[in-house]
Structures are given as C-alpha cells and as structure tokens.
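Residue numbers (this note's numbering): 1400 to 1647.
Structure representation (structure tokens):
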C-alpha cells in the first residue's frame, strides 16, 4: 500500500505520483489548479512554468524514449508539460476502453524504444462519488477496469512484450461514504502494486511508501540519474532485485 499526500484529492496526488514531490513543492493543492491561476508557487519550473515531471526527466536522460498519456478526466493533464509527451489521448464521458487499445498500439509501435504508457480511468472514482466507496456499484467499476487491464496484458503477451514490461497499478486516494479529502485511513491508505523483470516477488510489503515515491521507482527502472533536487520522494530499494555485477 501507499499513503496519499494531503489533501486526499485527485490532482495533488496524481501530480505527486508523477513528480516525486508533495503539494508543498509542486504547488498543486486542490483540483482547481491551473497554470494560470493558483495560490502556491512551485519550487521549480521549466521554461513554460511546469514543475519537473518524471516524463521530463526521462526525456532529458533518454531522448529516444517514447511516452503516451491516456486519460478521461480533463484536469489530469493540466500539471504536465505536453511537450514531453509523444501521444496524448483524452476520452470523454468516462470512456476508457479505446485508450487501452491506443496504449497497446503505442507500446507495440515503440517496442524498440524505452517506452512509458500512463493509463488513467476515472469511472471508478465517479462510481464512488455516486454510490459510495466499497458499494456494489463501486466494486463493479473496479472489476470493469480489471477486465480491460487483463485484455491489455493478454495482447502484450501475444506480442511478446510482456516479459520485458514493468506494470504499476496505482491510485490517488481512498474514499469514505461518497467523498474523500479527509484524513481517515479509508482515505489515506491505498493500493500500490508493481511487477516486472527488475522487481522482487514480495507479495505484500510493509515498508513505508508514499505517492511521492512513484517517480523515483520509474527513474530507477529506466536508470535515470539527473533527479531534480526539489523532488522529495524516496526510492523503496527493497522492492528491487539485486543488480548483477558485470564481469570483466
């Protein structure tokens, strides 16, 4: 599991996942944030005013890397400088299945490059707001997303891409009744899972984890070194296999 940043709402937490930082660093403190209108100035910004994301760090380190960003909640792209993204796809009205297909096509097309596909589905959050967290309707929405993830994995296996791919299954916050934003454990303890060729098979692990750590994990997987000095996440080293020492 992992702990969200505060407040336990969407935009601050996805920004923390993708920037290795908390709201006190990246400056995104609510879902109303825009580049043009916000209360807190970030500690660092690029030429266009965006806080450094893991996508920027990946492109700076590996210009041949390819990045796809697939989402269906409009505000989710606001903190991200799209000049570092090779393919952006926004699906309206909570649609998501088409984005899973686009993500697969993108991964297949760029199989010879270091590649990241960020896939986001908002309909589970909307089910929680409409029917309540852990309601039958909420669980069903998770099952629907799980089916599409399974379809994607099957396609990757058929294309012989599965064994070389890391998968992260993450979310932004929990929920209580029909809302979130508070500090109950139902809101502040959430799933965080990863598997792949560099990752140990640990099952559940009890080490402290934070949404701020996600970008550090991605940076380690891709061997990135120029981590921004404003990032405050830490790398959970215990999840990684020991690297083999090259023999001369």
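Idealized CB from N, CA, C, for every residue including glycine.
Around the beta carbon of residue 1582, fewer than 16 other beta carbons sit within 10 angstroms, so the residue counts as exposed.
Classified as buried, residue 1479 has 16 or more neighbouring CB atoms from the shown chains inside 10 Å of its CB.
Restricting attention to 1476, 1437, 1604 and 1620, the CA atom closest to the CA of residue 1487 is found in 1476. Setting aside the 5 residues that flank it on each side, residue 1564 is surrounded in the same chain by 1555 and 1595, each with a C-beta closer than 7 Å to its C-beta; the list follows chain order. Under the three-pair Cβ rule at 8 Å, the stretch 1456-1464 does not count as touching the stretch 1438-1447. Apart from sequence neighbours up to five positions away, the residues of its chain that approach residue 1509 with a beta-carbon distance below 6 Å are 1465, ordered along the chain. Inter-residue distance for residue 1436 and residue 1562 is about 44 Å (C-alpha atoms, whole angstroms). C-alpha of residue 1494 to C-alpha of residue 1471: approximately 7 Å in a straight line. Residue 1523 carries a helical assignment under DSSP once its states are collapsed to helix, strand and coil. Less than 8 Å divides the Cβ of residue 1571 from the Cβ of residue 1412. In terms of Cα proximity to residue 1628, the closest of 1620, 1635, 1615 and 1621 is 1615.
In this chain, residue 1567 is not harboured by any alpha helix (DSSP H); it is covered by the beta strand (DSSP E) spanning 1566-1569.
A check of alpha carbon separations from residue 1620 across 1504, 1567, 1606 and 1473 identifies 1567 as the nearest.
Between residue 1425 and residue 1433, the gap from beta carbon to beta carbon reaches 8 Å or more. Distances from the CA of residue 1519 to each of 1451, 1597 and 1500 were compared; the closest alpha carbon is that of 1500. Listed in chain order, the non-local C-beta contacts of residue 1409 below 8 Å within the same chain comprise 1430, 1472, 1474, 1475, 1524, 1571 and 1572, local neighbours out to five positions each way being set aside. Annotated three-state conformation of residue 1626 is coil, per DSSP. Between the alpha carbons of residue 1552 and residue 1578 lies a gap of roughly 31 Å.
Under the three-pair Cβ rule at 8 Å, the stretch 1537-1547 does not count as touching the stretch 1588-1607.
The DSSP assignment places complete beta strand (DSSP E) segments of no fewer than 3 residues inside the stretch 1435-1501 at 1465-1470 and 1486-1489, in order along the chain. In this structure, the CA atom of residue 1526 is about 9 Å from the CA atom of residue 1541. Looking from the CA of residue 1559, the closest CA among 1528, 1507 and 1593 belongs to 1507. Per DSSP, residue 1591 is one residue of the beta strand (DSSP E) stretching across 1591-1594.
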